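Below you'll find the structure, written out as structure tokens, and then a few comments.
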Amino acid sequence: MPSIDFHLSRSISRKSVAKDIHELLDSPGVWMGYEVHSMWRQLTHNLQIAAWIGASIAYIEGEDPIKGMIDAIRHVIDDSVFNKIISDLERIRMPKRVERYEKG
Numbered sequence: 304m305p306s307i308d309f310h311l312s313r314s315i316s317r318k319s320v321a322k323d324i325h326e327l328l329d330s331p332g333v334w335m336g337y338e339v340h341s342m343w344r345q346l347t348h349n350l351q352i353a354a355w356i357g358a359s360i361a362y363i364e365g366e367d368p369i370k371g372m373i374d375a376i377r378h379v380i381d382d383s384v385f386n387k388i389i390s391d392l393e394r395i396r397m398p399k400r401v402e403r404y405e406k407g
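Using this note's numbering, the final residue of the sequence shown is 407, and nothing's skipped along the way.
In structure tokens:
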């Protein structure tokens, strides 16, 4: 299951709001290479910043800011647990491919 589908399935806000939260937390920097994406995620995957982002997006889109905040915090917690597991499995299955990706 792609990351966005997983996060949307666990959201409590409207799917359009949850999708916007997910995209802002994860997507910027993806097309600029691993280092930029990594720096962006380090910034946005701080619980306080993620909560602020989620509440702000929800408020702007007319959703309850608390729901947006919860969705963003869940996103960060899920990523911290599942991304580690997934990357460890990828290192076991495809070590050369993972090594190339991390170098950029």
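Glycine residues also receive a C-beta, built at the ideal position from the N, C-alpha and C atoms. Treat the numbers as computed from the prediction; the structure is a model and nothing was measured.
When DSSP labels each residue in this structure, what does residue i get in the three-state scheme?
{"i": "R317", "result": "coil"}
{"i": "G365", "result": "coil"}
{"i": "I360", "result": "helix"}
Along the chain, where does the alpha helix (DSSP H) that runs through residue i open and close?
{"i": "E393", "result": "368 to 396"}
{"i": "H340", "result": "337 to 347"}
{"i": "S312", "result": "306 to 312"}
Between residue i and residue j, what straight-line distance do the alpha-carbon atoms span, to the nearest angstrom?
{"i": "H310", "j": "I380", "result": "11 Å"}
{"i": "D367", "j": "L392", "result": "37 Å"}
{"i": "G336", "j": "S319", "result": "27 Å"}
{"i": "A358", "j": "F385", "result": "23 Å"}
Quick check on residue i - is its C-beta less than 7 Å from some C-beta in chain C?
{"i": "E338", "result": "Absence of chain C from the displayed structure is noted, only one protein chain being present."}
Counting only the same chain and skipping the five closest in sequence on each side, list residues whose C-beta sits under 6 Å from that of residue i.
{"i": "H348", "result": "V379"}
{"i": "E326", "result": "none"}
Give me, in chain order, the residues of the same chain whose beta-carbon lies closer than 7 Å to that of residue i; leave out the 5 immediate sequence neighbours on both sides.
{"i": "S314", "result": "A321, D374"}
Enumerate in chain order the residues of its own chain whose CB-to-CB distance from residue i is below 8 Å, with the five nearest sequence positions on each side excluded.
{"i": "I352", "result": "L346"}
{"i": "Y362", "result": "P368, G371"}
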